[in-house]
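Working notes, beginning with the structure itself.
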């Protein structure tokens with residue numbers, strides 16, 4: 145009687161499936177590559193942060209060595225949150241005011257600087273300026289303003305105003321400064 149079990153066996157495959165192994169090898173190589181790249185980027189970031197710290201220290205040394213005073217202007221609640229300004233005044237009172245991230249204005253408007261006197265009197269009108277398409281503007285400050293406790297920048301008509309009429313966008317303390 146014939147055996148109920150087949151006498152020949154089907155051939156067994158000893159070949160390893162290649163697709164999962166290829167995917168695994170590619171994944172490992174990709175992970176190693178990403179790790180090396182991340183380490184390289186971290187090194188670049190560390191170098192950039194160190195360079196920034198060096199430049200800040202150099203800037204601070206130059207400020208200490210100069211006869212100029214530096215005052216920062218910050219945005220008011222009416223100003224753009226990323227806007228800011230800097231007033232540089234020499235010991236003689238002349239200087240430069242720079243502002244960044246201010247929006248471009250209509251042709252009939254300009255930014256006007258206001259010097260705040262130490263006695264809480266009316267703001268003293270300064271010059272007007274505009275900004276470029278990147279929101280950067282500056283103006284020279286003459287030495288005839290006198291002692292000031294602060295400085296502001298507002299939006300005014302192109303020719304300027306005798307007192308602030310528009311929104312004050314930047315404001316800063318300049319206590320004891322002479323402009």
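Numbering (the working numbering), first residue to last: 145 to 323. The beta-carbon is built from N, C-alpha and C at its ideal position, and this holds for glycine as well.
Check: Between which two residues does the beta strand (DSSP E) containing residue 268 stretch?
Finding: 268–273
Item checked: Three-state secondary structure (DSSP) of residue 173 -> helix
Notebook entry, point to check: Is the region 295–308 close to the region 251–264, with three or more CB pairs under 8 Å?
Noted result: Yes, the region 295–308 touches the region 251–264.
Item checked: DSSP-derived helix/strand/coil call for residue 312 -> strand
Check: In this structure, what does DSSP give as the bridge partners for residue 243?
Finding: 229, 281
Notebook entry, point to check: Between residue 295 and residue 260, which are expected to be in contact by the criterion C-beta below 8 Å, what is the C-beta distance as a whole number of angstroms?
Noted result: 7 Å
Check: If we ignore side chains and look at the alpha-carbon of each, how far apart do residue 279 and residue 223 end up?
Finding: The alpha-carbon separation between residue 279 and residue 223 amounts to approximately 13 Å.
Checklist line | Alpha-carbon to alpha-carbon, residue 187 and residue 195 | finding: For residue 195 and residue 187, the distance between alpha carbons rounds to 12 Å.
Next item on the list: Determine the extent of the beta strand (DSSP E) in which residue 218 is found, giving its start and end residues.
Entry: 213–219
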